[in-house]
Every structure is written in C-alpha cells, then in structure tokens.
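**Q** All letters in the sequence shown, in the order written, are residues 1 to 159 by UniProt numbering.
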Amino acid sequence: MKKLSANMENYLETILTLENENGGARIKDIAARLGIKMPSVTEALAKLKAAKLISHEKYGTVSLNKKGRELATEIAERNQSIMGFLHNVLKVDEQTAREDAARVGFGFSQQTLEKMRMQAGSHRVHRTMESEEMKVPVEVIDSSKQKAGLGRFFGIFKN
Numbered sequence: 001m002k003k004l005s006a007n008m009e010n011y012l013e014t015i016l017t018l019e020n021e022n023g024g025a026r027i028k029d030i031a032a033r034l035g036i037k038m039p040s041v042t043e044a045l046a047k048l049k050a051a052k053l054i055s056h057e058k059y060g061t062v063s064l065n066k067k068g069r070e071l072a073t074e075i076a077e078r079n080q081s082i083m084g085f086l087h088n089v090l091k092v093d094e095q096t097a098r099e100d101a102a103r104v105g106f107g108f109s110q111q112t113l114e115k116m117r118m119q120a121g122s123h124r125v126h127r128t129m130e131s132e133e134m135k136v137p138v139e140v141i142d143s144s145k146q147k148a149g150l151g152r153f154f155g156i157f158k159n
C-alpha cells in the first residue's frame, strides 16, 4: 500500500477516536473534530475507501475495517508517544504537543519513536527531588496506569 499523507493519517486517527467515543463516526462529526468542511471530509473518505481502509455508505456512518483499524491504532500510538515526549520531557503545553505530534509524527523512524517513548516514560515514571548528594525518586507510576495504554501512561489523556 502507498504511504498515506499526514492529512489522511489524521482522518484515520479521528475516525478511530470517534468510533471509540461514540460507537461510530459520521461525516459531520469528523468535520467538526478536524475543523473543516463536510465536502472536504467526503473527498478524503473516498480516498480512504479506495485504499480499502474504511467502509462508508452514502448518508451512513464511517467504519474502519480491520486493516484501517490496525493502521489507525499504530498512528494513534505513535502520536501519543510523541505527545508524551513533547509534553513530559520538553514541557510543551498539552494542546501544542497534540498539534505538533500530528504534524511531525509522519516522518519519524521506529527507532526514534522508541527512544522518545523511553524518555517520556522515564520522565513520567520518576519525578525527582534534588538533594545535595543525589536525585531521589518520589513518585513511581502504579501498575494500573501501565495497563491503561500509552496515552494515559504518559499522562496525555484522561480516563
């Protein structure tokens, strides 16, 4: 399959989010979430349907198929990792981190993403307190947060 553009990746991730939140995605919901007009969404959905990533019937809901869901999940996890790094390590505010992750994540290698995950995770797992002799860990993330997914682990998404 041909590599998707950053815009098409944003559509897939938005559809995944809306399916998870609402049980389905409608054109008007996608347009509202992305802040664009409905005809633009319709045009993009035609491309995603041609790429066999979604199913959509006129006036119906948009659904990710198995291939589309796998790709959208991969995109969402990548963006969550980048957001975690930007927010927790670089201290970028949450909204800017989310926007930047969607823009820049498109070009990162797996190796870079893994290192970002590790850095963001280590900054989240241990908050340190300076003493004269050493840094002392004062907070360790509990196991329930580790099971909650990357976004919650990095502290980007709330339950």
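Idealized CB from N, CA, C, for every residue including glycine. Computed from a prediction, not measured in an experiment: that's the story for all the values here.
So does the segment 80-89 actually touch the segment 107-116, counting three or more Cβ pairs closer than 8 Å?
**A** Touching, per the Cβ criterion.
**Q** Assuming the contact rule is C-beta atoms closer than 8 Å, residue 54 and residue 63 should be a hit. Round their C-beta distance to whole Å, please.
**A** Their Cβ separation, rounded to whole angstroms, is 6 Å, which keeps residue 54 and residue 63 in contact under 8 Å.
**Q** Could you give the DSSP three-state label for residue 64: helix, strand or coil?
**A** The answer is strand: DSSP assigns residue 64 an E or B state.
**Q** How many Å lie between residue 120 and residue 91 at the Cα?
**A** Cα to Cα, residue 120 sits roughly 11 Å from residue 91.
**Q** On the DSSP letters alone, give me the boundaries of the beta strand (DSSP E) that residue 55 sits inside.
**A** Its beta strand (DSSP E) spans residues 54-56.
**Q** Grab me the residues of residue 14's own chain with a C-beta within less than 7 Å of its C-beta, minus the 5 sequence neighbours each way, in chain order.
**A** Counting only Cβ-Cβ distances below 7 Å, and skipping sequence neighbours, we find 30, 33 and 34.
**Q** Would residue 102 and residue 86 qualify as a contact pair, given that the criterion is a beta-carbon distance under 8 Å?
**A** No; because the gap between Cβ atoms is not below 8 Å, this pair is not in contact.
**Q** So, is residue 25 buried or exposed, given that buried needs 16 or more other C-beta atoms within 10 angstroms?
**A** Residue 25 comes out buried.
**Q** Under 8 Å, Cβ to Cβ, is there at least one residue of chain C near residue 73?
**A** No chain C appears in this structure, which consists of one protein chain only.
**Q** How about residue 16 and residue 76: are their beta carbons less than 8 Å apart?
**A** Yes.
**Q** Quick one, are the C-beta atoms of residue 11 and residue 48 less than 8 Å apart?
**A** Contact flag set, yes.
**Q** Should residue 74 be labelled buried (16 or more other beta-carbon atoms within 10 Å of its own) or exposed?
**A** Exposed, by the Cβ-count rule.
**Q** Span of the alpha helix (DSSP H) holding residue 59?
**A** Element bounds for residue 59: n/a, residue is neither H nor E.
**Q** Look up residue 25 in the DSSP assignment and say whether it is helix, strand or coil.
**A** Three-state result, residue 25: strand.
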